[in-house]
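K.L.:
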Amino acid sequence: MRGFWKASGAIITAWACAGANAQAPEDAFARAVAAIMLSASAHHGFNDWGYLDLVKQVRWEPLPPNMLNDGLPDGAYFTRQGVMYAGEGRVNVTATGVRTMVMNVYFRIHGAAMGEAAALAALNRARLALELTRCPIQASPVAGAKWWRLKGPGKQPAWLQSQTRCDGAPCEAYALLLGETLASMTPQEQRLYTDQCVAGTTVAPPAAAEEWDEQLASLLAALIPPQGAAAVAWNALEKATPVRWSPLPPQEIRQPSWEDGNHHYREGSTDLGGRVLHVTATGTQDSVLNIYFQDQATQAERGDALRALWRKGYNVRLARCGKLYQLSTRTWYRVTGPTSRPVMVQRGMRCDTIACPRAEESYRLALTGALPPLQAGEVEAISDVCPGR
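Numbering-wise (the numbering used here), the sequence shown opens with residue 4 and increments by one.
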């Protein structure tokens with residue numbers, strides 16, 4: 004899982020164990036992986052934290068799991084740590100997830116290395132089948148990961164990731180990812196890895212992947228109406244091709260949860276490559292008035308979508324500052340372009356801590372070009388400055 008090995012360095016601790024057994028480390032690892040994989044008969048998506056106690060190869064710290072102030076790169080806010088000894092090696096184990104469920108389990112090898120080939124062979128001996136699904140485009144010191152689809156009798160399929168570099172240094176680490184799907188690759192990962200891993204397949208050099216802020220700016224630009232355009236019809240949303248929209252006609256709801264109070268809506272989602280946003284368009288029965296974008300997880304290195312919009316030729320000016328909060332902001336901007344109708348864009352940002360290493364962003368695109376009524380605590384901008392802020 005991207006970035007976890009660096010983030011986990013601060014939370015993994017040695018967990019005392021009375022002694023080591025003589026089992027080969029790769030076999031202990033394989034049996035632990037098999038024990039953690041979800042049962043095919045499970046009626047829910049993930050196991051609870053107490054289920055880990057059945058994994059006898061690992062000595063776990065006591066429950067409850069630890070709650071973190073900042074989310075981890077995999078989106079988790081809860082961890083439970085453990086340690087596994089086998090032969091001369093020690094394996095630090097960290098399970099991550101949400102309050103009630105385990106979603107991923109990470110293994111970091113210390114001491115005598117197992118080696119990837121030995122680990123994979125041990126997984127086969129444990130009756131687990133592996134299919135390489137994501138791999139480096141070419142051998143490179145910065146492309147030190149591989150991903151396999153992992154299947155076993157009586158088990159739900161999972162994903163296994165191997166890692167040979169952690170924080171830029173050689174290492175041996177593995178991640179058992181229990182979700183149904185493998186996360187899409189970030190723009191940076193797309194330059195290094197491919198999902199075409201069949202032997203003999205020739206992989207063409209990847210096209211330059213746009214960064215998240217550039218993609219989001221392009222998406223906003225595609226939805227801004229041209230000058231002189233009439234009301235925006237619901238089928239005009241199809242111009243935003245990166246969004247997978249729900250079918251027409253728009254749905255109607257009696258008590259809408261969004262701020263504009265519109266009763267008709269259409270939902271969708273877009274994946275920018277490792278960053279998924281939920282999208283909701285609202286309006287009347289005949290036309291779209293607002294479009295909302297919401298990050299589905301906190302993200303680092305998001306860039307600046309409004310600055311990217313400016314680079315595309317749009318004029319972005321501060322219009323209104325939101326109420327002051329310690330860990331969140333909401334700010335309105337007026338966006339104009341040489342051939343587009345003026346619109347308003349509100350950007351919101353929510354952080355877990357004041358340092359804000361990761362944040363969750365939201366955007367509201369108001370197609371009418373008008374600001375909503377001023378709310379308590381909000382300040383109108385004057386010459387790109389909010390007085391008193």
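Yeah, the Cβ is synthetic: ideal placement off N, Cα and C, and Gly gets one too.
This one's a predicted model, so the numbers in the text were calculated from it and none came from an experiment.
Quickly, what does DSSP pair L309 with across the bridge? List them, please.
P.N.:
Its beta-bridge partners do not exist; DSSP assigns none.
K.L.:
For the alpha helix (DSSP H) holding S1, just list the boundary residues, first then last.
P.N.:
Lying outside 4 to 392, the shown extent of the chain, residue 1 is not represented and no answer is given.
K.L.:
Using C-beta distances below 7 Å, list every residue in its chain close to L195, excluding the 5 sequence neighbours before and after it, in chain order.
P.N.:
Only P139, I140, S143, V145 and A146 meet the Cβ criterion.
K.L.:
Near N24, what residues of its chain come up, given a Cβ to Cβ distance below 6 Å and the 5 sequence neighbours on each side ignored?
P.N.:
With a pLDDT of only 48 at N24, under the threshold of 50, the placement of this residue in the model should not be trusted, and no figure is reported.
K.L.:
Find out if the Cβ-Cβ distance for the pair D387, L321 is shorter than 8 Å.
P.N.:
yes
K.L.:
Closer than 8 Å by C-beta to T103: which residues in its own chain qualify, once you throw out the five before and the five after it? Chain order, please.
P.N.:
D51 and W52
K.L.:
Output the distance between the C-alpha atoms of G380 and S331, rounded to the nearest integer angstrom.
P.N.:
Roughly 14 Å between the two C-alpha positions.
K.L.:
Please report how far the alpha carbon of E29 lies from the alpha carbon of M117, in whole angstroms.
P.N.:
6 Å
K.L.:
Can you name the residues that DSSP bridges to F296?
P.N.:
V282 and Y366
K.L.:
For A19, collect the residues of the same chain with a Cβ closer than 6 Å to its Cβ; drop the 5 residues on either side in sequence, then sort them by chain order.
P.N.:
Confidence is the limiting factor: at A19 the pLDDT is only 39, short of 50, which leaves the residue's position unreliable and the question unanswerable from this model.
K.L.:
Is the number of C-beta pairs between the region 237-256 and the region 267-285 that are closer than 8 Å three or more?
P.N.:
yes
K.L.:
Please classify Q60: is it buried, with 16 or more other beta-carbons within 10 angstroms of its beta-carbon, or exposed?
P.N.:
buried
K.L.:
Is A31 near N107, with beta carbons less than 8 Å apart?
P.N.:
no
K.L.:
Taking C-alpha atoms, which residue in L370, A33 and L374 lies nearest to C324?
P.N.:
L374
K.L.:
Would you mind working out which of E64, V58 and N293 sits nearest R34, comparing C-alpha positions?
P.N.:
V58
K.L.:
Less than 8 Å between the CB atoms is what I'm expecting for P229 and S343, so what's the real figure, rounded?
P.N.:
6 Å
K.L.:
So is E192 buried or exposed if we call it buried at 16+ other beta carbons inside 10 Å?
P.N.:
With 16 or more Cβ atoms within 10 Å of its Cβ, E192 is classed as buried.
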